[in-house]
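S.K.: Following this message is one structure expressed as structure tokens.
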Amino acid sequence: MEKKEFYQVNQAIRDKQVRVIGADGQMVGIMTSVQALRMAEEADLDLVKISPNAEPPVCKIMDYSKFKYEQAKKDKESRRNQTVVEIKEIRLSMTIDVGDIAVKTKQCLKFLEQGNKVKVSIRMKGRENSRSYQGIKVMEDFFAGLDGKAVQDKKPLAEGRNITMMLSPAKA
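Here the sequence shown stands for residues 135 to 306, numbered as in the working numbering.
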């Protein structure tokens with residue numbers, strides 16, 4: 135659900151006194167909302183309440199449609215520039231071999247280079263449950279193979295039948 139900002143404009147501003155900023159960005163002063171509205175109409179612009187929680191509320195004389203357009207443009211730009219961090223998962227086993235660990239390490243490094251977090255997990259079966267320390271050792275060896283390109287957000291920890299560890303990309 136997206137958060138929308140709604141500004142009170144012109145007649146919707148019902149405060150007795152408001153602090154007014156002119157169209158040029160200069161502080162005009164504190165006056166009644168009726169006087170401020172009259173000033174805005176004389177300049178053929180809108181009176182917009184930009185800071186409703188201030189005492190007294192701050193209003194600005196501006197072209198509201200142009201202001202909304204600029205806000206939409208800024209929002210679109212910020213959405214385009216933000217990166218979404220995904221959590222990728224890599225599953226190991228307690229009896230994993232050296233060659234397989236190299237393949238998994240390579241895959242993990244690829245995920246980390248893309249800026250994603252990586253959840254490394256081992257699912258213990260049967261007698262492996264009583265030897266969770268071996269799984270933790272496998273995880274620590276896997277982490278050592280990443281050559282400092284990752285940071286442990288969560289150390290290897292046995293939780294029931296699973297051992298999990300969270301990794302994130304190391305800062306350069």
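Yeah, the Cβ is synthetic: ideal placement off N, Cα and C, and Gly gets one too.
(1) Based on Cα-Cα distance, which residue from F277, K251, G294 and E175 lies nearest to V218?
(2) For S185, write down the residues that DSSP places opposite it in a beta bridge.
(3) From the DSSP secondary-structure annotation, give me the bridge partner or partners of L226.
(4) Given this structure, state the Cα-to-Cα distance separating P290 from Q248, to the nearest angstrom.
(5) Among the candidates I147, F140, Q145 and N296, whose CA atom is the shortest distance from the CA of L226?
(6) Taking buried to mean at least 16 other C-beta atoms within 10 Å of its own C-beta, is K183 buried or exposed?
(7) So, under 8 Å CB-CB, V152 and C193 are touching, yes? Tell me the CB distance rounded to an integer number of Å.
(8) So, with DSSP's three-state summary, where would you put Q142?
(9) Okay, do the stretch 202 to 216 and the stretch 269 to 276 touch, 3+ Cβ pairs below 8 Å being the bar?
M.R.: Looking at the coordinates:
(1) As a first step, residue 218 is located in the sequence shown; it is residue number 84 there, counting from the start. Checking every option, the nearest Cα to that of V218 belongs to K251.
(2) The residue given as residue 185 occupies position 51 in the sequence shown. DSSP lists V192 as partners of S185.
(3) Locating residue 226 in the sequence shown gives position 92, counting from the first residue. DSSP output for L226 lists I256 as bridge partner(s).
(4) Mapped onto the sequence shown, residue 290 falls at position 156. Mapped onto the sequence shown, residue 248 falls at position 114. In a straight line, the C-alpha of P290 is about 23 Å away from that of Q248.
(5) Along the sequence shown, one-based indexing puts residue 226 at 92. Looking at the Cα atoms, N296 is the closest of the given residues.
(6) Against the sequence shown, residue 183 aligns to sequence position 49. Per the 10 Å Cβ criterion, buried.
(7) Locating residue 152 in the sequence shown gives position 18, where the first residue counts as 1. Locating residue 193 in the sequence shown gives position 59, where the first residue counts as 1. Right, the Cβ-Cβ distance comes to about 5 Å (below 8 Å), so this counts as a contact.
(8) If you number the sequence shown from 1, residue 142 lands on position 8. Three-state result, Q142: strand.
(9) no
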